[in-house]
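Engineer: Numbering (the numbering used here), first residue to last: 7 to 324.
#1: Could you say if the region 117 to 134 and the region 100 to 109 meet the contact criterion of at least three C-beta pairs nearer than 8 Å?
#2: Quick test of your reading: residue 124 and residue 217, contact by CB under 8 Å. State the CB separation rounded to the nearest angstrom.
#3: Taking DSSP as the reference, what is the three-state secondary structure of residue 91?
#4: Under 8 Å, with one C-beta from each stretch per pair, do the region 81 to 90 and the region 53 to 70 reach the 3-pair mark?
#5: Kindly give me the distance between the Cβ atoms of residue 149 and residue 181, rounded to whole angstroms, as I take these residues to be in contact under 8 Å.
#6: Between the Cα of residue 219 and those of 246, 46 and 237, spot the shortest distance and give me the residue it belongs to.
#7: Using 8 Å as the threshold, is the region 16 to 25 in touch with the region 270 to 279, meaning 3 or more CB pairs across them?
#8: Give me the residue from 178, 93, 315 and 155 with the minimum Cα distance to residue 146.
#9: Indicate whether residue 174 and residue 195 have their beta-carbon atoms separated by less than 8 Å.
#10: Would you check if the distance between the CB atom of residue 215 and the CB atom of residue 238 is smaller than 8 Å?
#11: What separation, rounded to the nearest whole angstrom, lies between the Cα atoms of residue 65 and residue 89?
#12: Output the residue ranges of the alpha helix (DSSP H) runs that lie fully inside the region 93 to 134 and measure 4 residues or longer, sorted by chain position.
#13: Between the region 226 to 243 and the region 251 to 266, are three or more C-beta pairs nearer than 8 Å?
#14: With the cut-off set at 8 Å, would you say residue 185 and residue 230 are in Cβ contact?
#15: When you compare each of 12, 113, 212 and 260 to residue 232 by their alpha carbons, which one comes out closest?
#16: Alpha carbon to alpha carbon, how far is residue 318 from residue 99?
#17: Expressed to the nearest angstrom, what Euclidean distance is found between the alpha-carbon atoms of residue 80 and residue 47?
#18: Determine the DSSP secondary structure at residue 214, reduced to helix, strand or coil.
#19: Short of 7 Å in beta carbon distance, which residues of its chain neighbour residue 158, apart from the five on each side in sequence? Order them along the chain.
#20: What is the DSSP secondary structure of residue 219, counted as helix, strand or coil?
#21: Ends of the beta strand (DSSP E) at residue 179?
#22: Any heavy atom of the ligand FMN inside 7 Å of the beta-carbon of residue 156?
#23: Look up residue 189 in the DSSP assignment and say whether it is helix, strand or coil.
#24: For a test of the three-state rule: what should DSSP assign to residue 294, helix, strand or coil?
#25: Report the three-state DSSP secondary structure of residue 84 (helix, strand or coil).
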């Protein structure tokens, strides 16, 4: 099967991981250049290679894993620290030198890391008119470039929303940023971005929605239940617990009129954490809907645009 976009390919890899089909995933990764257009393969070479290193470790092919890590570091691409936690990799004679090199690359890259954002305006935007706002948060690790390829702004723009994609300031690895490394920093990043948007555009603060995938979904919930900025609704794909998720905070959100959407892949359902959160929603009467993403695991559904349209109808009747 050919894939037009890397995110579709990555979704297949993630689903195979969720099914513990590591060898099958590795076979796809080893021949990724045949499954993807050259432009996509070249653009996402780092992501493909780091996945290969991870799956080599899953298959106990530790020398091959270290070979990939060595290649990435020689290219000047910092890997995440977690990959060096694999116990068996430590037996490799190259381990200490590679880890030190990686630590140095990460430190230098993190010194330059800052949060950033990209704004999309609805067609026929009128300066001074108040618009609803959607805040979009990438997954962990991710960035606004790859995120906006699958979580497109179109459904929101058609309904008159201003859309802002926010990229975390917390570098996890080369070209991959994380929201969940430090939730307090994430809150500050998003609050600062929100205040900048208020200065640049006329926003209807009664209609601000936030959403994201995985780590972005977790952070979207944290922003709401910590009441960092005024939020009316959320769209969370693959969420998990956040520290601010307490029954008291959820009840307060419900009283503020918050409504929300959960989505998850059917292959990994049910998830205890999500079921516990839904139980709290029902106990405090926070309106929600749960969309099952058929045939996949912790990944992005092919029909995301349709589901976003449905989600907006539920949250704001638009």
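Even glycine gets a Cβ: it sits at the ideal position worked out from N, Cα and C.
Structural biologist: On the basis of the coordinates in this document:
#1: no
#2: Contact flag wrong, Cβ pair sits at about 15 Å.
#3: helix
#4: yes
#5: 6 Å
#6: 246
#7: yes
#8: 178
#9: yes
#10: yes
#11: 14 Å
#12: 101 to 118
#13: yes
#14: no
#15: 260
#16: 54 Å
#17: 19 Å
#18: strand
#19: 311
#20: strand
#21: 177 to 179
#22: Absent from the structure shown: the ligand FMN. Ligands present: none.
#23: helix
#24: strand
#25: coil
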